[in-house]
Structure formats: structure tokens, C-alpha cells
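Chains A and B, in that order, give the protein sequences. Its first residue numbered 261, the first sequence is counted upward by one per residue in this note's numbering. Its first residue numbered 2, the second sequence is counted upward by one per residue in this note's numbering.
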Amino acid sequence: MAEAKPTPTPRPKPFSIPRQPMPEQPPQVRVKNFREVPYGLTPDLAILEASRCIQCKNPACIKGCPVNIKIPEFIDLVRQGKFLEAARKIKEDNALPAVCGRVCPQEEQCEMPCVLGKKHQPVAIGRLERFVADFERVTGNVEIPQVAPPTGKRVAVVGSGPAGLTVAGDLVMLGHDVTMFEALHKAGGVLMYGIPEFRLPKDIVQSEVAYIRNLGAKLECDVVVGKTVTIDELMNEEGFDACFVGTGAGLPYFMNVPGENLIGIYSANEYLTRSNLMKAYLFPDADTPVSRGRHVAVIGGGNVAMDSARTAMRMGAEKVYLIYRRSKKEMPARIEEVHHAEEEGIEFHFLTNPIAYHGNSEAWVTEIECQKMELGEPDASGRRRPVPVKGSEYRLPVDTVIVSIGNGANPLVPATTPGLDTNKWGNILADQETGKTSKKGVFAGGDIVIGAATVILAMGAGRKAAAAMHQYLTNGVW
Amino acid sequence: MFPIVESREIAKNVFFQKIRAPRIARKRKAGQFLVLRRGELSERIPLTIVDSDPAAGTVTIIYQVVGKSTAELAAMKVGDELVDVVGPLGLPTHIESFGTVVGIGGGIGTAPLLPIATAIKKAGNELVSIVGARTKDLLILEDEMKAISDRCIVTTDDGSYAKKGFVTTALQEFIDGGLKIGLCIAIGPVPMMRAVAEVTRPHGIKTVVSLNPIMVDATGMCGACRVSVGGKTKFVCVDGPEFDGHLVDFKELTMRNRAYLSQEKEAMDRYEHKDGACMGGKAPAPKAAPTPVTTGGAR
Numbered sequence: 261m262a263e264a265k266p267t268p269t270p271r272p273k274p275f276s277i278p279r280q281p282m283p284e285q286p287p288q289v290r291v292k293n294f295r296e297v298p299y300g301l302t303p304d305l306a307i308l309e310a311s312r313c314i315q316c317k318n319p320a321c322i323k324g325c326p327v328n329i330k331i332p333e334f335i336d337l338v339r340q341g342k343f344l345e346a347a348r349k350i351k352e353d354n355a356l357p358a359v360c361g362r363v364c365p366q367e368e369q370c371e372m373p374c375v376l377g378k379k380h381q382p383v384a385i386g387r388l389e390r391f392v393a394d395f396e397r398v399t400g401n402v403e404i405p406q407v408a409p410p411t412g413k414r415v416a417v418v419g420s421g422p423a424g425l426t427v428a429g430d431l432v433m434l435g436h437d438v439t440m441f442e443a444l445h446k447a448g449g450v451l452m453y454g455i456p457e458f459r460l461p462k463d464i465v466q467s468e469v470a471y472i473r474n475l476g477a478k479l480e481c482d483v484v485v486g487k488t489v490t491i492d493e494l495m496n497e498e499g500f501d502a503c504f505v506g507t508g509a510g511l512p513y514f515m516n517v518p519g520e521n522l523i524g525i526y527s528a529n530e531y532l533t534r535s536n537l538m539k540a541y542l543f544p545d546a547d548t549p550v551s552r553g554r555h556v557a558v559i560g561g562g563n564v565a566m567d568s569a570r571t572a573m574r575m576g577a578e579k580v581y582l583i584y585r586r587s588k589k590e591m592p593a594r595i596e597e598v599h600h601a602e603e604e605g606i607e608f609h610f611l612t613n614p615i616a617y618h619g620n621s622e623a624w625v626t627e628i629e630c631q632k633m634e635l636g637e638p639d640a641s642g643r644r645r646p647v648p649v650k651g652s653e654y655r656l657p658v659d660t661v662i663v664s665i666g667n668g669a670n671p672l673v674p675a676t677t678p679g680l681d682t683n684k685w686g687n688i689l690a691d692q693e694t695g696k697t698s699k700k701g702v703f704a705g706g707d708i709v710i711g712a713a714t715v716i717l718a719m720g721a722g723r724k725a726a727a728a729m730h731q732y733l734t735n736g737v738w
Numbered sequence: 002m003f004p005i006v007e008s009r010e011i012a013k014n015v016f017f018q019k020i021r022a023p024r025i026a027r028k029r030k031a032g033q034f035l036v037l038r039r040g041e042l043s044e045r046i047p048l049t050i051v052d053s054d055p056a057a058g059t060v061t062i063i064y065q066v067v068g069k070s071t072a073e074l075a076a077m078k079v080g081d082e083l084v085d086v087v088g089p090l091g092l093p094t095h096i097e098s099f100g101t102v103v104g105i106g107g108g109i110g111t112a113p114l115l116p117i118a119t120a121i122k123k124a125g126n127e128l129v130s131i132v133g134a135r136t137k138d139l140l141i142l143e144d145e146m147k148a149i150s151d152r153c154i155v156t157t158d159d160g161s162y163a164k165k166g167f168v169t170t171a172l173q174e175f176i177d178g179g180l181k182i183g184l185c186i187a188i189g190p191v192p193m194m195r196a197v198a199e200v201t202r203p204h205g206i207k208t209v210v211s212l213n214p215i216m217v218d219a220t221g222m223c224g225a226c227r228v229s230v231g232g233k234t235k236f237v238c239v240d241g242p243e244f245d246g247h248l249v250d251f252k253e254l255t256m257r258n259r260a261y262l263s264q265e266k267e268a269m270d271r272y273e274h275k276d277g278a279c280m281g282g283k284a285p286a287p288k289a290a291p292t293p294v295t296t297g298g299a300r
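Right, dumping it as C-alpha cells:
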């Protein structure tokens with residue numbers, strides 16, 4: 261891809277250009293492969309889309325972004341065909357644009373307040389972000405900026421997911437000596453084990469990780485903090501001056517219904533870890549197998565459920581049922597993900613809840629027993645509470661079930677770190693603005709603090725914590 | 002990277018390897034395990050840490066070749082490097098003064114028993130051990146177990162060596178002989194652990210078993226290793242690997258361990274074929290044990 265000529269696009273008449281559609285693999289083709297679904301914008305489409313931005317004086321989009329990317333500025337650079345400059349403009353605030361351009365819920369963040377969205381469709385900010393990040397990487401133009409002179413301060417970052425990578429990137433830029441500790445064998449956290457290849461290619465995650473390492477951050481994989489080494493040992497024996505805990509929400513919930521331990525019933529974490537991190541879709545070239553179910557039920561209505569259902573389709577399932585206890589309106593998944601899942605032939609069973617699983621003599625699951633639900637009064641979350649409909653039980657034949665009803669806080673670090681306080685759900689108590697915990701020198705952010713959420717919220721928390729950590733490392737004031 | 006610094010076959014298809022992994026060697030306690038990966042597309046294999054040397058920064062594993070992954074591991078030589086070794090994982094064995102402890106190791110299960118029995122003995126307990134195997138060729142660590150035990154009985158199912166019979170027969174004899182047992186620890190194939198639990202149950206002898214279900218991340222993230230203990234679901238990787246043998250649902254564990262039998266066979270067949278046909282008459286890899294044991298079954 262060559263740098264496109266700066267096209268002197270005239271300022272468009274407001275709203276005269278429609279939002280440019282994203283070219284993507286047709287559903288019937290993509291369900292048979294693990295390649296990324298959208299191809300990405302072409303340079304021409306990107307320029308056209310960028311020219312839709314009316315460059316608001318008081319841009320609401322920036323406020324909608326958890327890391328406050330200078331959105332109108334980078335979009336204007338795209339409009340001028342200055343794609344590399346645009347990528348670098350984003351990187352002033354976000355070290356992982358190729359990831360965020362793909363997995364952020366832009367429709368409820370930067371794109372939601374876009375003025376164009378009031379009467380027309382908002383500027384496709386996410387797609388433009390993805391485009392410039394890809395352009396920079398694919399053309400081999402990723403530039404390693406000059407980092408600040410060494411401060412002599414050492415920082416341990418526990419967990420190399422979105423929060424940890426952000427903290428590492430920010431602090432290494434400020435001259436601190438940063439080491440990331442990762443429990444698994446590849447850095448990236450949920451970006452590697454959770455989000456599927458067809459939504460976030462793993463080589464892209466690894467090049468974003470490589471970027472952080474090229475800035476100077478060190479990475480030690482295969483270190484389970486709490487087991488291999490404790491926070492206290494890192495701080496007291498290994499000489500780290502501060503520590504960031506970004507260990508995520510890694511504890512899978514089950515429903516505790518009868519038959520849930522039958523073979524073929526997975527947590528979404530297991531199913532996705534097998535297929536993404538361990539590359540089970542390549543079995544037997546990769547060693548780790550995963551069930552290639554013909555009839556698959558996915559329980560849950562979030563993004564992880566969509567990822568699981570769409571993965572099952574690609575693993576050759578004939579039928580994939582998505583079973584969710586509320587109605588479509590209450591589903592926490594992104595609209596785009598639901599839309600993709602529908603296109604790919606996932607069969608949605610709304611207002612339905614599993615109450616038992618039945619198996620054969622080999623203990624393989626053969627049937628899921630469901631119950632219809634109806635919506636009652638709103639509950640604590642403000643959503644209407646699903647109530648069982650008596651006598652509505654029915655069974656579906658299944659050979660694989662993926663339980664995707666959420667994850668709790670990873671208990672390892674809190675359990676092995678005296679003085680680190682948690683709430684009753686095991687989430688680490690940390691100040692929202694600074695990430696400061698109850699333990700001196702220890703900061704935390706991301707899912708381990710707020711519970712299972714999104715990549716960009718974790719990055720936002722990492723950004724704030726990094727700023728506070730820099731302050732603490734500079735003046736020593738807790 | 003984690004280099005192999007020592008490697009030898011100590012019984013038929015049973016391998017002893019020392020790996021350099023300083024962080025793990027420093028922290029490891031009896032009863033804990035590690036997870037290793039040989040190469041980029043390899044699976045994560047959980048194996049008990051049999052011994053560690055913090056000064057040398059090494060950990061010892063002993064395992065049986067039961068499938069492709071363990072065969073590949075066994076084919077690695079001194080100086081070869083594993084891409085990943087992580088640990089120590091799981092909870093350490095609860096060690097206290099129990100009085101007389103009977104430690105029972107069946108087949109490859111004697112490998113994880115050895116460090117636990119050593120720690121138990123060190124804590125001042127009387128250690129009576131029963132070391133069993135199907136046949137003489139499969140017996141391991143007899144001398145090591147004898148060296149730490151106050152009494153040690155060796156059994157083979159087929160009578161090809163020492164006392165003929167099952168480990169449970171020897172255990173029953175100790176009980177009948179009036180031995181006052183404070184704790185029984187049994188590690189071996191699932192049917193053996195279940196049988197031991199049934200022998201001790203009527204006598205109310207506290208019985209601990211160490212489980213080796215299928216695992217993936219082995220840090221509590223996935224739930225592949227879930228097992229029912231006293232009607233509650235536990236994750237063996239973080240809540241175990243040791244549990245009360247009288248409460249474990251062994252039937253469920255046996256079934257769950259068979260989840261990937263066909264894939265394991267497919268992988269092994271392919272591996273052996275590749276080795277014979279494509280590598281031009283090189284010595285074939287050690288053959289898999291005839292009994293189907295699943296991932297993690299290698300101990």
C-alpha cells in the first residue's frame with residue numbers, strides 16, 4: 261500500500277456523503293474460515309469517510325473516548341491522505357489503535373455523541389482508527405518514539421492484557437524501567453485467549469505487544485503472580501518501586517444446574533482459550549483439541565457469547581443456538597456482533613434459560629433442557645427481571661454447550677497479597693481516578709477492579725493509573 | 002526458554018527429566034505441579050514437580066509416555082529447550098503431625114507421591130508406604146521410597162516382582178493388623194484411588210487423593226479440570242490437586258478424562274506415522290502405553 265496522494269477533498273456539504281460501509285467477507289464464506297471478517301477500509305473509502313467529519317469546535321467524540329484520542333485531528337489528517345501522521349496522532353493517546361479500532365464499542369463511546377448521528381449516521385471513527393493503524397503496520401512504518409531519560413524507578417505490571425499493556429507503554433515512555441509479568445505463554449491477556457482470530461487477528465495483537473516492548477518494556481511470560489512470585493516479593497526482594505495489578509476477570513461462572521459437568525460442556529473461557537490461544541482450530545497440526553460440535557448451545561447474551569457461537573459455527577457446527585434469558589433488547593453484546601452472528605446463521609432463543617443437561621452412558625451431553633422466561637419488574641441492574649414460565653420446559657439435542665454467563669475477579673493476587681483490600685465479589689478496591697489500592701505502591705485497574713467490561717475501559721483505567729504511578733514514582737507521596 | 006539439563010528413562014516408557022526453571026525451583030512446595038509446553042503449537046501439559054533444587058535452579062519431572070505430547074517430550078535431549086514452563090501451581094500438600102501416615106503410590110503415581118511422602122516424613126510422622134505397579138517393568142522409585150519410609154511394601158498386580166496383588170490388599174492387611182493410621186495418601190490411576198478410598202471409608206481413616214484431570218491454563222481460568230467433591234464443583238488446578246478421597250466423584254472424573262480419547266489417538270497415530278515414514282528410519286518414538294490415558298494422565 262503506498263501513501264495515497266493528498267487528495268484535495270473540498271469540504272463536503274454537511275451530511276452529503278453517506279457513512280461508508282465496511283467491506284467484509286460474505287457470511288456464507290466466512291463461516292468456513294477463521295480469517296478476519298471485515299477487510300478494512302481502502303484508502304479511498306477512508307478519505308471519503310474522513311471528509312464526512314465536520315470538525316466540531318467542541319468535539320463531543322473525544323469526551324466519549326475513555327482515553328480521549330484527539331479524534332477530529334486524526335480524522336482531518338486522514339482526509340488529507342496523511343495516514344502515517346494520523347496513526348501517530350492516535351498513538352499520542354492510545355498505544356493499541358489496531359486493537360481498539362476493532363473491538364471498541366464505538367457506537368456507545370466516541371460515535372454515540374457524534375453530531376452527524378443526530379440526523380444521519382455518525383462518522384465511522386472506529387473504522388478510521390483501524391485503517392490508519394493497519395496502514396502504518398502493513399507499510400512497515402511503525403515508528404518508535406524517543407522515550408524520556410531513565411528515571412531509575414522500576415515498575416512491575418502484573419498481567420499483560422489491555423490495562424497492563426497501556427500502563428507499560430505509558431510508563432516506559434516516561435523513562436521508567438517496566439517489566440510485564442504474564443501468567444500464560446503469550447502476552448495480550450484476553451486479546452490472545454478470548455477474542456477470536458476472525459475478530460482480532462493474533463498477529464496484530466503480537467505486533468502491538470512488540471511495539472510496547474520496542475519502546476523498552478520487558479516481558480516475562482509464564483509467571484503466575486501469586487504463585488511463581490508474590491507482589492510482596494516483587495516489591496521487597498526484586499526491587500520494584502511500584503506495581504500495577506491488571507489481572508482481569510478470569511474466573512468463569514457456571515450456573516450450577518444439574519448435569520453441568522457432563523463432557524462437552526465448556527466455560528466460554530475454556531472453549532475460546534482452546535480455539536484462540538491454543539489454536540485448536542488447527543488440530544491436529546496444533547496439539548490442543550476442542551469439541552467440534554454438530555449441535556451447539558451457547559448460554560449468554562454478551563460479546564463473549566457471540567464470539568463463542570461464531571467460533572462454533574466455524575468449527576463446523578450444523579446448528580448453533582444462542583440461549584439468552586432476557587429479550588434481544590437487553591442483550592449486552594454489541595449490535596455489530598449480534599448482527600454478524602445473525603448473518604452467520606446463529607439461532608437465537610430469547611427469554612430462555614437452561615435448567616438441566618442430560619447425557620449418555622459415556623457422560624457426553626446430549627440434550628439441554630430449557631425453560632421459557634417472561635420479563636417481570638426491573639431488577640437492580642435496571643433491566644426487567646426474567647421470570648420462569650411454568651410448564652414451558654423443552655429440550656434441544658446438543659453435543660456441545662458453551663457457558664458464557666460472565667467471569668468473576670481472578671482471586672490469585674488478592675489472596676496472596678496481605679493488605680490488598682477487595683470488595684465482596686473479590687474485585688480489588690482501587691481509586692477510580694488514580695488506581696491506588698489499599699496497599700502502598702500498588703495500583704490496580706481493568707476488569708480486576710470493575711468486573712468484566714471492555715478492552716477500552718481497561719485501557720482507560722490503565723491510562724489513569726499510569727499517570728498516578730508516574731506522580732508517585734516522582735514525588736514518593738502516597 | 003527452559004533447557005533440559007538431565008534426561009533418562011527410569012522404567013519402561015517412564016522418563017525422568019530435570020529442567021532449568023529457577024523461579025519455580027525457588028518457590029515450589031511438595032504437592033505442587035507445573036505446566037510445560039514443548040514448542041509453539043504444543044499443548045500445555047500439567048506434571049507434578051517431583052523435586053527441586055533452588056540452588057541449581059532446577060525442577061524434576063517424572064512422567065509416562067501416554068500420547069503424542071509426552072512422546073515428544075521424552076524425545077527431547079539434554080540441552081534442548083522447552084518454550085514454556087510455568088508454576089508452581091496448585092495448593093501445596095497440607096503437612097502436619099498425623100502420627101502414622103500410609104502413602105500409596107500406584108504406577109506412575111509414585112512420582113507425585115515421593116515429594117509428599119518426603120515432606121510428611123520430615124514433619125516427624127511415621128511413614129508406611131505401599132508402592133505398586135501392574136508389572137515389574139512399570140515399577141518406579143522403589144529405592145527412593147524405601148529410603149524415606151519406616152516400612153515399605155512393594156506389590157505387583159501380576160506377581161512378577163515382590164508381593165503379588167493390589168496396593169489395596171497390602172493396605173487392608175495393615176488395617177487388619179491393627180495399624181493405627183492417622184492419614185492415608187493415595188496417588189495413582191483413578192480406579193486405584195477409588196479402591197483405596199473404599200478400603201479406608203468403613204474405618205473412618207482420613208484419605209487424601211491427588212487428581213490429574215484434563216487442564217488447559219491450570220491457573221483457574223477455564224474450568225476444564227472441574228470435579229465434584231462432596232457435591233460441589235471444584236477446580237483441581239487451584240482448589241487441588243489434593244482432595245478428600247471419600248468425597249470425590251471418581252466416576253465423573255473417569256468419564257471426563259475420556260473426553261478427547263479419539264483426538265489423542267489421532268494425534269499419536271499421526272505422530273508415529275510421521276516419525277517412521279518421513280524421518281527415514283530414525284528410531285521410532287517410544288510407543289504409547291496401551292491403556293488410554295488422557296492429557297494430564299501422564300502425571
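From the three backbone atoms N, C-alpha and C, an ideal C-beta is built for every residue, glycine too.
_By DSSP's criteria, GLN631/A is part of a beta bridge. Which residues make up the other side?_
ASN613/A
When you compare only the Cα positions, how much space is there between ASN474/A and GLY429/A? 10 Å
**Proximity of PRO47/B and VAL36/B at Cβ, strictly below 8 Å** = Against a cut-off of 8 Å, the Cβ pair of VAL36/B and PRO47/B comes out as a contact.
- Task: Please name the residue in SER276/A, ALA721/A, GLU627/A whose C-alpha comes closest to that of GLU693/A.
- Result: ALA721/A
*Min CB distance TRP738/A to chain B below 8 Å*: no
Is PRO93/B helix, strand or coil when you go by DSSP?
-> coil
### Query
Mind listing which residues of the segment 491 to 520 of chain A have their C-beta closer than 8 Å to chain B's C-betas, in chain order?
GLY510, LEU511, PRO512, PHE514, ASN516, GLU520
- Query: Which full runs of the alpha helix (DSSP H) of 4+ residues lie inside the segment 129 to 171 of chain B, going along the chain?
  - Reply: Counting only runs of 4 or more, we get 143 to 149.
**Request:** Give the straight-line distance between the Cα atoms of LEU90/B and LEU672/A, rounded to the nearest whole angstrom.
**Result:** Annotation: LEU90/B to LEU672/A spans about 11 Å, alpha carbon to alpha carbon.
Going by alpha carbons, who is nearest to TRP384/A out of ALA306/A, PRO461/A, ILE350/A, HIS436/A? A small correction: the amino acid at residue 384/A is Ala; Trp does not occupy that position in the sequence shown. For ALA384/A, the nearest C-alpha among the options comes from ALA306/A.
Would you say ASN563/A faces chain E, with C-beta separation under 8 Å as the test?
The displayed structure is made up of protein chains A and B, and chain E is not among them.
Query raised in the report: For ALA260/B, which residues in chain A fall below 7 Å Cβ to Cβ?
Result: ILE523
> So, using beta-carbon positions, are GLN33/B and ILE50/B closer together than 8 Å?
Replying inline: yes
* **For SER53/B, the three-state DSSP class (helix, strand or coil)** => strand
Notebook entry, point to check: Buried or exposed: where does ALA278/B fall if 16 or more other Cβ atoms within 10 Å of its Cβ makes it buried?
Noted result: Confidence is the limiting factor: at ALA278/B the pLDDT is only 45, short of 50, which leaves the residue's position unreliable and the question unanswerable from this model.
Next on the checklist: Please identify, using Cβ separations under 8 Å, the residues of the segment 424 to 456 of chain A that lie next to chain B, in order along the chain.
Outcome noted: ALA443, LEU444, HIS445, TYR453
* To do: Pull out every residue of the segment 45 to 76 of chain B whose Cβ sits closer than 7 Å to any Cβ of chain A, in chain order.
  => From the segment 45 to 76 of chain B, only LYS69, SER70 have a Cβ closer than 7 Å to chain A.
| Mind checking LEU388/A: buried by the 16 CB within 10 Å criterion, or exposed? | With 16 or more other Cβ atoms within 10 Å, it is buried.
Next on the checklist: Please tell me whether ALA623/A has its Cβ less than 8 Å away from any Cβ of chain B.
Outcome noted: yes
Rounded to whole angstroms, what's the CA-CA distance from PRO286/A to GLY605/A? Just pull it up for me.
12 Å
- prompt: Given ALA284/B, which residues of its chain have a CB within under 7 Å of its CB, disregarding the five upstream and five downstream residues?
  reply: Residue placement at ALA284/B is flagged as unreliable, the pLDDT there being 41, under the threshold of 50; the coordinate-derived value follows with that caveat. Same-chain partners within the cutoff: there are none.
- Message: Does any residue of chain A have a CB that is nearer than 8 Å to the CB of LEU42/B?
- Response: yes
Identify the contact partners of SER229/B in chain A, using a Cβ-Cβ distance below 7 Å as the criterion.
ASN521
_Going by DSSP in three states, ALA477/A sits in which element: helix, strand or coil?_
In the structure shown, ALA477/A sits in coil (DSSP, three-state: anything other than H, G, I, E or B).
Q. Does DSSP put ASN521/A in a helix, in a strand, or in coil?
A. coil
Identify the continuous alpha helix (DSSP H) that holds TYR513/A and give its terminal residues. Counting along the chain, TYR513/A falls outside any alpha helix (DSSP H), and DSSP gives it neither H nor E.
TODO: Put LYS751/A into one of helix, strand or coil per three-state DSSP.
DONE: In the structure as shown, chain A begins at 261 and stops at 738. Residue 751/A is therefore absent and cannot be evaluated.
* Asked: Considering only C-alpha positions, which residue in the set CYS226/B, ILE215/B, LEU184/B is nearest to ASP245/B?
  -> LEU184/B
- Burial state of GLU468/A, where buried means 16 or more other Cβ atoms lie within 10 Å: buried
**Request:** Would you kindly check if the distance between the Cβ of ALA577/A and the Cβ of VAL556/A is under 8 Å?
**Result:** yes
Practice problem: Run down chain A in chain order and give the residues with a C-beta less than 9 Å from the C-beta of GLY88/B. | Solution: Those within 9 Å of GLY88/B in chain A are ASP482, VAL484, LYS487, THR488.
When Cβ atoms are compared, which residues of the segment 10 to 43 of chain B fall closer than 8 Å to chain A?
ARG24, ILE25, LYS28, ARG38, LEU42, SER43
State yes or no: is the beta carbon of GLY241/B nearer than 8 Å to at least one beta carbon in chain A?
Among the residues facing chain A, GLY241/B is not included, as its CB has no counterpart in that chain under 8 Å away.
Legend entry - Cross-chain neighbours of MET256/B in chain A, by beta carbon under 7 Å: ILE523, GLU622, ALA623
Exercise for review: Please classify MET2/B: is it buried, with 16 or more other beta-carbons within 10 angstroms of its beta-carbon, or exposed?
Suggested key: exposed
- Using a beta-carbon distance cut-off of less than 9 Å, what residues from the segment 551 to 580 of chain A approach chain B? Within the segment 551 to 580 of chain A, SER551 place their CB atoms closer than 9 Å to a CB of chain B, listed in sequence order.
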